[in-house]
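Asks: I'd like to ask some things about the structure below.
Residue numbers (our numbering): 23 to 156.
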């Protein structure tokens, strides 16, 4: 994946929500609103959630069956950006702590939650508003 353009980078650091699309076992899409962070250095999207959430369960099941493909799409008026890639569920304390730290910078501080996991998305494709892709 090529690096984000300056316009895309600004867009994914502004305070916006996005949608996460995962696939259910029957192949139908499950789309939910999420808050996410972008790590430009590691080229990762991170989403914190409960271990028992449908999105985490969908990704874990897809991982067990081979690979979990997801899409994270942020929209603000005519501006939009979609990350497509593979996802994993991590309950590693360091991974969760890094996700919580980044979340606090973009959104707000989170209360401790022993059920928290992080969905780690490794994008291999980025789509977006035409003016932001040049």
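Cβ atoms here follow ideal geometry from the backbone N, Cα and C, with glycine treated the same way.
Does the region 26-46 come within contact of the region 84-100, defined as at least 3 CB pairs closer than 8 Å?
Replies: With the cut-off at 8 Å, the region 26-46 and the region 84-100 touch.
Asks: When the Cα atoms are used, what is the spatial distance from residue 53 to residue 143?
Replies: By 1-based counting over the chain shown, the position of residue 53 is 31. By 1-based counting over the chain shown, the position of residue 143 is 121. In a straight line, the C-alpha of residue 53 is about 15 Å away from that of residue 143.
Asks: Residue 128 and residue 37 look like a contact to me (Cβ under 8 Å); what is the Cβ gap, rounded to whole Å?
Replies: For the purposes of this step, residue 128 is taken as the residue at position 106 of the chain shown. For the purposes of this step, residue 37 is taken as the residue at position 15 of the chain shown. Confirmed, about 6 Å.
Asks: Could you spell out the range, first to last residue, of the alpha helix (DSSP H) harbouring residue 146?
Replies: Counted from its first residue, the chain shown places residue 146 at position 124. Note, residue 146: premise wrong, no alpha helix (DSSP H); beta strand (DSSP E) at 138-150.
Asks: Excluding the 5 residues flanking residue 147 on each side, which residues of the same chain have their C-beta closer than 6 Å to its C-beta?
Replies: In the chain shown, the residue the question calls residue 147 occupies position 125. Same-chain partners within the cutoff: 106.
Asks: Residues bridged to residue 96 by DSSP?
Replies: Indexing the chain shown from 1 puts residue 96 at position 74. Looking at the DSSP assignment, residue 96 forms a beta bridge with 40 and 103.
Asks: Can you round the beta-carbon distance between residue 33 and residue 101 to whole angstroms, since I take them to be within the 8 Å contact cut?
Replies: The residue labelled residue 33 in the question sits at position 11 within the chain shown. The residue labelled residue 101 in the question sits at position 79 within the chain shown. 6 Å between Cβ atoms; contact.
Asks: Could you tell me which of 121, 150, 45 and 153 sits nearest to residue 71, measuring between CA atoms?
Replies: What you label residue 71 is simply residue 49 of the chain shown in a count that begins at 1. Closest option to residue 71, Cα to Cα, is 121.
Asks: Return the first residue and the last residue of the beta strand (DSSP E) that residue 59 is part of.
Replies: On the chain shown, position 37 is the one that residue 59 refers to. Counting along the chain, the beta strand (DSSP E) containing residue 59 begins and ends at 59-61.
Asks: Quick one: using the 10 Å Cβ neighbour count with 16 as the cut-off for buried, is residue 49 buried or exposed?
Replies: The residue given as residue 49 occupies position 27 in the chain shown. Counting Cβ neighbours within 10 Å, residue 49 comes out exposed, since fewer than 16 surround it.
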